[in-house]
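Structure first, then comments.
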Amino acid sequence: MKRRDFTALLAASSMAAHMPTWAQAASQSTARPADRILILIELKGGNDGLNTVVPFADPAYYQLRNSVALPKEEVLQLEAKTGLHPQLKPLTALWDKKELAIVQGVGYPQPNLSHFRSIEIWETASKANEYLDDGWVTRGMKGGYAGQNAFTAEGVLIGSGDFGPLAGARAVSLNNPEAFVNQARFAMPTAAQGNAALQHLLRVENDVTQAAQGLRGDKFNFTTEFPAGGFGNSVRAAAQVVASQKGKTGVPVITLTLGSFDTHQNQLPAHANLLRQLAEGMVALKGALTELGAWDRTLVMTFSEFGRRPRQNQSNGTDHGTAAPHFIAGGAVRGGWYGQAPDLTRLDSTQNLLYTTDFRQLYASVARDWWGIKPEAVVRGNFEPLGFLRA
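For the sequence shown, our numbering begins at -16 and goes up steadily by one.
Take a look at the structure:
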């Protein structure tokens, strides 16, 4: 294998090199693959929840946002007082079929308004004042779920080099999924003796090769139309990862990234474009996974480091905030409202929303009702699951 080919391959992918080789573990195990898949969609940068799930009947919403608020007549009404941003219209089909849950007021105590620290809290399910090494998904794998199944990899991250919720897991990051698969044919397993550094490099090379082969499979020709653009390509890649699992050890967790939602100025057009991509991507996921017969065993969940401030700023945008709603979708989801919308007339000392649902309740729900393990193994405390999954 030529040096430039291997360099290109490593640029297109990264491995959790400090972990044992998952290819070897998978080949030694006879356990059947996991049936259930969790797809996490990070809304990177802090999504504005008030313009996503819109309290159009609340006068305070328009008082706080004289130019950023969405006109009532444009909002997609879901109930008497609340609706969706108009660019989320594709999601109404999921809502009508009771396959979409909206969890309101999601946040945590003592919120941190730093992008880097707050997303770290979300990814590790830590308290605001503690620092953890493992991602919350990784703790789920260690807490019993991985012991029930043998996985090709414990997770695949598409479009991001940050392992986040999968930090410490046997995971593969596909920064460029097309290049990863295409270039994998150049990586040929090789042995080396007498040079420890070279041996390590070749072991990583071999892991990349095995990862590509394990995820490659026969390319499935979907009839589902995927959205154009980067996020649409990531959705297509996620669907192909699921397609590649037929008859093989599986991948229980896939993460996608969409952003940036850091809308400090001129928010309306940028936010509308991002929400359109999100809605079209989620609907395409349903279409593709339905083709594979996998929609009923897939759970899709959004997350973001924080919401935005209720009051708009002077640049027709919104600054870093706290609580925000999140979406849960899937064939096994009990659709509807969960949690309580924050009170716009009752703000904290920083003039931000008071959270009403702890984000660790979402993770506790995944642990108990999706993975069948004790929530305490994931969230390290007593957090009541929300019950958004059908029994």
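Idealized CB from N, CA, C, for every residue including glycine.
Source: prediction; values computed, not measured.
For R291, count neighbouring C-beta atoms within 10 Å of its own C-beta (all shown protein chains included) and say buried if the count is 16 or more, exposed if not. Buried is the call here.
DSSP on K27, reduced to helix/strand/coil? In the three-state DSSP reduction, K27 falls in the strand class (E or B).
Taking buried to mean at least 16 other C-beta atoms within 10 Å of its own C-beta, is D116 buried or exposed? With fewer than 16 other Cβ atoms within 10 Å, it is exposed.
In this structure, does DSSP put R343 in helix, strand or coil? Residue state, collapsed to three classes: helix.
Cβ shell of P358 (< 7 Å), same chain only, five flanking positions each side left out: The residues A347, A350, R351, F366, P368, in chain order, have a CB closer than 7 Å to that of P358 in the same chain once the five nearest residues on each side in sequence are set aside.
Report the rounded CA-to-CA distance for K269 versus G355, giving the unit in angstroms. C-alpha separation (whole angstroms): 23 Å.
For Y321, which residues does DSSP report across the bridge? Answer is V86, bridged to Y321.
Alpha carbon to alpha carbon, how far is V89 from V362? Straight-line measurement puts the Cα of V362 at about 15 Å from the Cα of V89.
Any contact between the region 274 to 288 and the region 51 to 70? By contact I mean 3 or more CB pairs, one from each, below 8 Å. Three or more Cβ pairs closer than 8 Å define a contact, and the region 274 to 288 falls short of that threshold against the region 51 to 70.
Who does Q60 pair with in a DSSP beta bridge? In the DSSP output, where bridge partners are listed per residue, Q60 has G66.
Thinking C-beta only, is A43 closer than 7 Å to L327? Yes, the pair counts as a contact, with Cβ atoms nearer than the cut-off.
By Cβ distance, which residues of its chain are closer than 7 Å to Q70, with the 5 residues on each side in sequence left out? The residues are A255, L258, R259, A262.
If you run the structure through DSSP and keep just helix, strand and coil, what is P293? DSSP places P293 in the coil class of the three-state scheme, outside both helix and strand.
What three-state label does DSSP hand H98 in the structure shown? It is helical.
Please state the DSSP three-state secondary structure of Q7. Any reading at Q7 is ruled out, since the residue's pLDDT is 31, under 50, leaving its predicted position unreliable.
Put R254 into one of helix, strand or coil per three-state DSSP. The residue asked about is misnamed: residue 254 is His in this sequence, not Arg. In the structure shown, H254 adopts helical secondary structure according to DSSP, grouped into three states.
Can you tell me whether K55 is buried or exposed, with buried defined as 16 or more other CB within 10 angstroms of its CB? K55 should be labelled exposed.
Per-residue burial, R329 [other beta carbons within 10 Å of its own, 16 or more giving buried]: Under this definition R329 is an exposed residue.
Can you say whether Q228 is buried or exposed, counting buried as having 16 or more other CB atoms within 10 angstroms of its CB? Buried, by the Cβ-count rule.
Return the first residue and the last residue of the beta strand (DSSP E) that F447 is part of. In the structure as shown, the chain starts at -16 and stops at 374, and residue 447 therefore has no counterpart that could be examined.
Enclosing beta strand (DSSP E) for G383 [first to last residue]: Lying before the first or after the last residue shown, residue 383 is absent from the chain, which here runs from -16 to 374.
Answer with buried or exposed for M284, where buried requires no fewer than 16 other C-beta atoms within 10 angstroms of its C-beta. Here M284 is buried, its C-beta having at least 16 other C-beta atoms within 10 Å.
Presumed contact (8 Å Cβ cut-off) between A271 and A222, rounded CB distance: For A271 against A222, the beta-carbon gap comes to about 4 Å, under 8 Å, which counts as contact.
Please look up how many angstroms separate the CB atoms of L77 and T238, rounded, as I've assumed it's under 8 Å. That belief does not hold up - the Cβ atoms of L77 and T238 are roughly 20 Å apart, past 8 Å.
At least three beta-carbon pairs within less than 8 Å, the region 72 to 87 to the region 95 to 114: With a cut-off of 8 Å, the region 95 to 114 and the region 72 to 87 do not count as touching, because too few Cβ pairs lie within range.
Can you grab the Cα-Cα spacing for the pair T273 / Y128, in whole Å? In this structure, the CA atom of T273 is about 25 Å from the CA atom of Y128.
Leaving aside the five residues before and after G353 along the sequence, list all residues of the same chain whose C-beta is less than 7 Å from its C-beta, in chain order. First, the amino acid is wrong: residue 353 is Trp here, not Gly. The residues are R19, L21, L282, L372.
Going by Cα to Cα distance, which pick from S243, F205, K202, T206 is closest to G213? Ranking S243, F205, K202, T206 by Cα distance to G213 puts S243 first.
For A40, which residues from the same chain have a beta carbon less than 6 Å from its beta carbon, with the 5 sequence-adjacent residues on both sides left out? Cβ neighbours of A40 beyond the five flanking positions: K64.
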